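The numbering of the sequence shown is the numbering used here, which starts it at 0 and goes up by one. For every residue, glycine included, the Cβ atom is placed at its ideal position computed from N, Cα and C. Keep in mind that this is a model prediction, so the values were computed, not measured. Written below as structure tokens is the structure these notes are about.
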Amino acid sequence: MSSIEQLTVLLNEAAESLPAQGPINDEKRNAFYAAYENVRKAIETPIDAAVRVLFGGYDAVALRVAMDTQIFNQLATAGGQSKSISELAKPSGADPLLLNRFIRILAASGLVKETGEGEYASVPLTGAFSDMSPLSKSAFHISDKAQMRSLSNANSLAKLPQYLQKTNYQNPNDSWDGPFQFGEATNLQYFEWIEQDPKHQEAFNTHMTLQRMERGPNWFDFYPVQERLLDTDKDTSKKFLVDLGGGVGHDLAAFTEKYPDLASRLVLEDLGHVLADVDKQQFKLHPGIERVPTDLFQEQTVKGAKVYYLRTVLHDWPDKQAKQILKKIHEAMTNDSVLILNENALPDEYVGGFQARVDILMMSILSGIDRTCKQFHKLLEESGFEVLGTYRPQTLSPGAGTIFEAVKKH
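Structure, rendered in structure tokens:
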């Protein structure tokens, strides 16, 4: 066993034994906490540090929403018993789906404990944020000041609690009428809003490129492309793969490195101003790949392709708009076509802190949602698709893609 593995075992053993040892005096606690911080600093990557610092505001919003909907009060008085998300949502009338998205952050932060899928219980810290504790008043005061201005979407995040109060805690379901429009006092959807600022748009395109580079192995390295797609490709006169909302073409650039002979049968689709940035990237997109300016909500230009591919597109949109996008794809597909979704599918329970915070990010700026596998299956089935399979890389790290393979229902 390596030294890091031994240290991991010791830390887990310490975490399990500390409550049994009773209260720890401040001197010992501070020394232990300093040691813990030294370990964190020693292993923390730049990505870890960015998430910790930049995403702190999401924890504050989750805390405030839980206080406003009486979550802490309910769990603190439950005698350690678990409560389902449906039970916890009743006093406020909140949408259980919406509430669960916030409680996952609290569970990852150690303020409540997840005991099963959609079930939570108190921990020693839970009572500190109930009405029985003066700390809850302090937390309310600080969160009401909305001191979260370091975030690019500061207004929509800072005003998210007020927006949810206004909507009686219903899950946002319209990307043109959600937290972002409320916070920024605009009628524009987020992508329309950033399009007005070329520097912001360029920064967003770069961010998306970096995000795709950090999501583990390429989808075609763990999905059986040969068996599931190439061997069943009956009409080579048609396009092989259309990358819808493919940004500046990062995925197709990688795909053509492995399958260069398919370049002339590949299509990159996105909004015109996004495609204009393709040639500004450090990587070079194969010249044989066709570029087609496309609005996902309009009729699909390329019909009858073998594969329609979307990577982290649907999490940008709530069900209302996601179904509209899927409808246009469904209309363009033949019975031989395959829909491939490459998405950051959340586990059905025990969602990690990074994933839970990103989900609230999607809510605050796009009314979007990072769906679980169950939710993706439901969305696809309600949109006229049959899910044939789900594929994941051997090592499933947070943010790694999950592939959903689907065809039109016959």
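Between A107 and A355, the gap from beta carbon to beta carbon is short of 7 angstroms. Counting the other Cβ atoms within 10 Å of the Cβ of T311 gives 16 or more, which makes it buried. DSSP places Y119 in the uninterrupted beta strand (DSSP E) bounded by E118 to A120.
Where L309 is concerned, the enclosing beta strand (DSSP E) starts and stops at V306 to R310.
Here V111 is buried: its Cβ has 16 or more other Cβ atoms, across all protein chains shown, within 10 Å.
Excluding five sequence positions before and after L261, the CB atoms of its chain that fall closer than 6 angstroms to its own CB belong to F239, given in chain order. Fewer than three pairs of CB atoms, one per stretch, sit closer than 8 angstroms, so the region 272 to 286 makes no contact with the region 294 to 310.
Between F353 and V8 the beta-carbon gap is near 24 angstroms, outside 8 angstroms, which marks them as no contact. For the pair V350 and G215, the Cα-to-Cα distance works out to about 18 angstroms. Going by beta carbons, Y189 and L365 fall inside the 7 angstroms limit. Secondary structure at I70: helix, using DSSP grouped into helix, strand and coil. In the three-state scheme derived from DSSP, where H, G and I count as helix and E and B as strand, A405 is classed as strand. In this structure, the straight-line span from the alpha carbon of G244 to that of L98 is close to 29 angstroms. Where D242 is concerned, the enclosing beta strand (DSSP E) starts and stops at L240 to L243. Per DSSP, the continuous beta strand (DSSP E) segment holding V291 begins and ends at E289 to P292. Along the length of the region 13 to 37, whole beta strand (DSSP E) runs at least 3 residues long do not occur. Under the DSSP assignment, L267 falls in the beta strand (DSSP E) whose first and last residues are L265 to D269.
Annotation: G271 to E36 spans about 47 angstroms, alpha carbon to alpha carbon.
Taking all protein chains shown into account, M362 has 16 or more neighbouring C-beta atoms within 10 Å of its C-beta and is therefore buried.
Around the C-beta of N72, 16 or more other C-beta atoms lie within 10 Å, and the residue is accordingly described as buried.
In this structure, Y162 sits away from F179, with a CB-CB distance that is not shorter than 7 angstroms.
In this structure, V406 places its C-beta atom within 7 angstroms of the C-beta atom of V337. Straight-line measurement puts the Cα of K327 at about 18 angstroms from the Cα of V386. Distance between Q374 and D173, taken at the CA atoms: about 17 angstroms.
Secondary structure at L156: helix, using DSSP grouped into helix, strand and coil. Taking every protein chain shown into account, the CB of F128 has 16 or more other CB atoms within 10 angstroms, so this residue is buried. Taking 7 angstroms as the cut-off, the Cβ atoms of S121 and A75 count as close. Leaving aside the five residues that flank P95 on each side, the residues in its chain whose CB is nearer than 7 angstroms to its CB run, in chain order, I84, S85 and A88.
In this structure, D294 is the residue among D294, T114 and H314 with its C-alpha nearest to the C-alpha of E191.
Taking 7 angstroms as the cut-off, the Cβ atoms of P22 and F221 do not count as close. The Cβ-Cβ distance between L267 and G248 falls below 7 angstroms. Taking the C-beta atoms as reference points, L274 is found nearer than 7 angstroms to R290.
Rounded to the nearest whole angstrom, the C-alpha separation of E342 and A157 is 27 angstroms. With a contact defined as Cβ atoms closer than 8 angstroms, T371 and L345 qualify at about 5 angstroms. Counting only runs of 3 or more residues that sit fully inside the region 361 to 397, the beta strand (DSSP E) segments are 384 to 390, in chain order.
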